[in-house]
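> Its first residue numbered 3, the sequence shown is counted upward by one per residue in the numbering used here.
Note that the Cβ used here is the ideal one computed from N, Cα and C, for glycine as well.
Computed from a predicted model, the values in this text were never measured in an experiment.
After the structure tokens below, expect a handful of questions from me.
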Amino acid sequence: MCGFVATFQKGNKAPPNLLQSFSNDLIHRGPDSEGIINHADFSMVFRRLSIIDLHPASDQPMQDASGRYFIVFNGEIYNYITLRNQLINEGMVFKSHGDTEVILNGYIKYGNDFISRLEGMFAFVIYDTLNSKIIGARDPFGIKPLYFSRKKDLFAFSSEVRPLRRLVGTEIDPVSFYELLIYRFATGRLSNYKNIELIPGGTIVSIDLNNSSYREEKFYDSESLFSSENPNLDEENSIKLVQEDLVNSITSHMNSDVGFAVQLSGGVDSSLITAISSSIKNNEKLKTFGISIDDELNEEKYRNMVIKRYNVEHHEVHLSEEKFTDEFPSAVNSMEGPVPHFGCVMLKLLCKEISKTDKVVLTGEGADEFFGGYARYSEWKRLRTFGILANSLPKFTWDLFSRYSSIKRYSGHDSAVLASVYFDVNKLNGMFPDLKPTSDQREIISSQFKDYRNKLRGLDQSAYLSSLLLRQDKMSMSSSVEARVPFTHLPLAKMIHTIPLDLLIPGNATKPVLKKAAIKWLPDELVFRRKIGLTLPLHKWLSNEKGFGRYIEYVLDPNSKLSSFGDLSIIKNHIKEFKKETPGNGIPITAHLINMELWLRSLDNDLTENSVI
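Given below as structure tokens:
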């Protein structure tokens, strides 16, 4: 796991101080070694976190034996040993024992066709110096980030946004801003900034530096998964397949020359990873890390069930209001945008603790999106009905149906799209009246499916999961920890999509197939209970003016950054009314306004060096 920047401009050499600034921007992603090359047409900057093949032969940027090709690569290829052996049998020679050279030699041998053979998480850029051709690629689910910018005949790729802002400047994208405001995460190519885009997962970028031509092709399309349902697959065999493929996925994700740990919340997903990992290790001691909050709902009771059953060395991290408040601006800065979930602070603190002993951690992202783990999956029939009613009734009739006011929020909207939105959209629109939704990416995703359950799955797997993967990447890498996600693994995903929808998402239940598969390793009391998660008392903390509530003044400041986008008087009235409310659960809009404000403020001073074009 690493970080890189690659810039390309025919006949121009990059300023050395700029390349060093890139390296400093990314040092948290790779503190183990630095690699910088600077040629007439291109430069590559690399920071390495050594996980596989710790020998310097696997350092990057890596050059092939002929000197023609260069590569920078961030991620892990889990089937690299199999691919390496195949390439050796076909005459390819290796100088290292890691996965980077497998990608490079595989591309040299087979071109773009080799990329679809890779199983893992990856973002890489290869440069062919003979033909002046650039290839960039990102893994199918976009587990590893790959940002791209173009400035006339200058092309640049990066693992994070900050280096690219040095090239093209820092200008907030209003389309992204609206999505961040409503959904907490911008979809698709949106990076939060103008002139910087996020290359979609499963995409290959080809650039010819001779004529500055740019072309994209998909080597993976998520839509293909949804056409693979096997109606003849029964529940018993579905459960067996899940059990087998989970073991296979977790086994492959355990491969590391520096060991690994597990994020253990006590939920089904992380408990399964812990249980299966421990079983594969023949009960060799396994390190786990969890987080707790005093006097709040958490899953410590269920964590303890797993800890007692398996040979686990558990480390508990306590999250207090003070720690949360102090760390929150840092989490926003690491996210390079507002945090998509306030649990980002929890993850950042947890990974900071993990980094003291480990470089690799296994996490549960993807289980809810692929197996149907959110409440919306158990309530899909009701949500579908609400959407139909809300978009069928004339607006003037809503006053006659006051008892059904909760349905009104779906009026004029796709209910599947709004199913994951926690805020009052109308209230936010009132605070920012000049902002208009101009991106319909979520609606496009939803419209591709007839079955409402697939609408939810398509949205979660394409949009919501992206936010969780980016969150996990940036929070973990801020402490130089590689996060691996065995539930978000293409072979496993392909199998899950063969399971009939009526088994996978019947309604009135969440993750029924996964839970029935889990009882092979976990007690019923843990598996078949209400999902708790980590509940943050944000409303309560906001009432403490010396705690999290101190950030409210940033929003109310006449020179607040949000005032450039919204109506400050309406925002002030909202916060005034909010302070009168009785503390409750959920995510208050006030907390999200703070989230947005702190992000905008962070942009004033986060480029600490002057190396900017």
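Could you check whether Ile572 and Gly345 sit closer than 8 Å to each other, using their CB atoms as the reference points?
No, they are not a contact pair.
> Quick one: measure Cβ to Cβ for Val249 and Gly368, integer angstroms, because I've assumed they're closer than 8 Å.
In fact, because the Cβ distance is near 16 Å, the residues do not count as touching under 8 Å.
> To the nearest angstrom, how far is the alpha carbon of Met337 from that of Lys476?
Rounded to whole angstroms, Met337 to Lys476 spans 6 Å at the Cα level.
> Considering Cα atoms alone, identify which of Ile206, Ile309, Ser178 and Phe157 is closest to Gly144.
Closest by alpha carbon: Ile206.
> Look at the Cβ atom of Gly190, then the Cβ atom of Asp271, and state whether they are nearer than 8 Å.
Against a cut-off of 8 Å, the Cβ pair of Asp271 and Gly190 comes out as no contact.
> Out of curiosity, what's the CA-to-CA distance linking Asp210 and Thr9?
Approximately 13 Å, taken between the alpha carbons.
> Does the segment 551-558 come within contact of the segment 594-604, defined as at least 3 CB pairs closer than 8 Å?
Segments in contact, yes.
> Relative to the alpha-carbon of Gly414, which residue among Asp55, Ser481, Ser394 and Asp426 has its alpha-carbon at the smallest distance?
When only C-alpha atoms are compared, the closest one is Ser394.
> For Asn2, does the count of other Cβ atoms within 10 angstroms reach 16, so buried, or fall short, so exposed?
Absent from the model: residue 2. The displayed extent of the chain is 3 to 615, so no value can be given.
> Determine the extent of the beta strand (DSSP E) in which Ala8 is found, giving its start and end residues.
First-last of the beta strand (DSSP E) with Ala8: Cys4 to Phe10.
> For Ser267, which three-state DSSP category applies?
Of the three classes helix, strand and coil, the one that applies to Ser267 here is coil, per DSSP.
> Shortest alpha-carbon distance to Asn232 belongs to which of Leu243, Arg305 and Tyr222?
Comparing Cα positions, the closest option is Leu243.
> Beta-carbon separation of Ile105 and Ser258 under 8 Å?
No, Cβ-Cβ distance for Ile105 and Ser258 is not below 8 Å.
> Label Tyr216 either buried or exposed according to how many other C-beta atoms from any shown protein chain fall within 10 Å of its C-beta, with 16 as the threshold for buried.
Exposed.
> Quick one: using the 10 Å Cβ neighbour count with 16 as the cut-off for buried, is Asp175 buried or exposed?
So Asp175 ends up on the buried side.
> Look at the alpha carbon of Asn546 and the alpha carbon of Lys287, and state the distance between them as a whole number of angstroms.
Going by the C-alpha atoms only, they are around 42 Å apart.
> Could you name the residues of the same chain whose beta carbon sits closer than 8 Å to that of Val427, not counting the 5 residues immediately before and after it, in chain order?
Cβ neighbours of Val427 beyond the five flanking positions: Ile184, Arg411, His415 and Leu420.
> Can you find the residues in the same chain that come closer than 7 Å, C-beta to C-beta, to Ile278, ignoring five residues on each side of it along the sequence?
Result list for Ile278: Leu248, Val249, Ile252 and Trp523, in chain order.
> Rounded to the nearest angstrom, what separates Lys533 and Ser230 at their Cα positions?
The straight-line gap from Cα to Cα measures roughly 29 Å.
> Quick check on DSSP: helix, strand or coil for Asp247?
Asp247: helix per DSSP, three-state reduction.
> Do you know whose CA, among Ile409, Gln474, Ile498 and Lys574, lies nearest Ser226's CA?
That would be Ile498, whose Cα lies nearest to the Cα of Ser226.
> Would Lys15 and Asn40 be called neighbours here (beta carbons separated by less than 8 Å)?
Closer than 8 Å, so yes.
> Answer with buried or exposed for Ser490, where buried requires no fewer than 16 other C-beta atoms within 10 angstroms of its C-beta.
For the sequence presented, residue 490 should be read as Thr rather than Ser. By the neighbour-count rule (16 or more Cβ atoms within 10 Å), Thr490 is buried.
> Does the count of Cβ pairs from the segment 514-529 and the segment 303-315 closer than 8 Å reach three?
Judged by Cβ distances under 8 Å, the segment 514-529 makes contact with the segment 303-315, as three or more pairs qualify.
> When we look at the beta-carbon of Ile90 and count the other beta-carbons within 10 Å, is it buried (16 or more) or exposed?
Counting Cβ neighbours within 10 Å, Ile90 comes out exposed, since fewer than 16 surround it.
> What are the start and end residues of the beta strand (DSSP E) that includes Lys624?
Given a span of 3 to 615 for the chain in the structure shown, any question on residue 624 remains unanswerable.
> Are Glu371 and Asp504 touching if we call contact CB-CB under 8 Å?
Against a cut-off of 8 Å, the Cβ pair of Asp504 and Glu371 comes out as no contact.
> Can you round the beta-carbon distance between Thr537 and Asn587 to whole angstroms, since I take them to be within the 8 Å contact cut?
Yes, they are in contact, since the Cβ atoms of Thr537 and Asn587 sit about 7 Å apart, within 8 Å.
> Can you grab the Cα-Cα spacing for the pair Trp543 / Lys581, in whole Å?
The straight-line gap from Cα to Cα measures roughly 12 Å.
> Put Pro33 into one of helix, strand or coil per three-state DSSP.
Residue state, collapsed to three classes: strand.
> Compare the C-alpha of Phe24 against each of Ile117, Thr276 and Ser161 and name the closest.
That would be Ser161, whose Cα lies nearest to the Cα of Phe24.
> Using the three-state DSSP reduction, which class does Leu192 fall into: helix, strand or coil?
Strand at Leu192.
> Evaluate the contact criterion for the segment 79-87 versus the segment 125-138: three or more CB pairs, one atom per stretch, below 8 Å.
Segments in contact, no.
> Based on the DSSP secondary-structure assignment, which residues constitute the bridge partners of Val74?
The partner list for Val74 (beta bridge, DSSP) reads Val127.
> Once DSSP output is grouped into helix, strand and coil, what is the label at Ser161?
DSSP places Ser161 in coil when its eight states are reduced to three.
> Run through DSSP, which three-state label would Asp210 get?
Here Asp210 sits in strand by DSSP.
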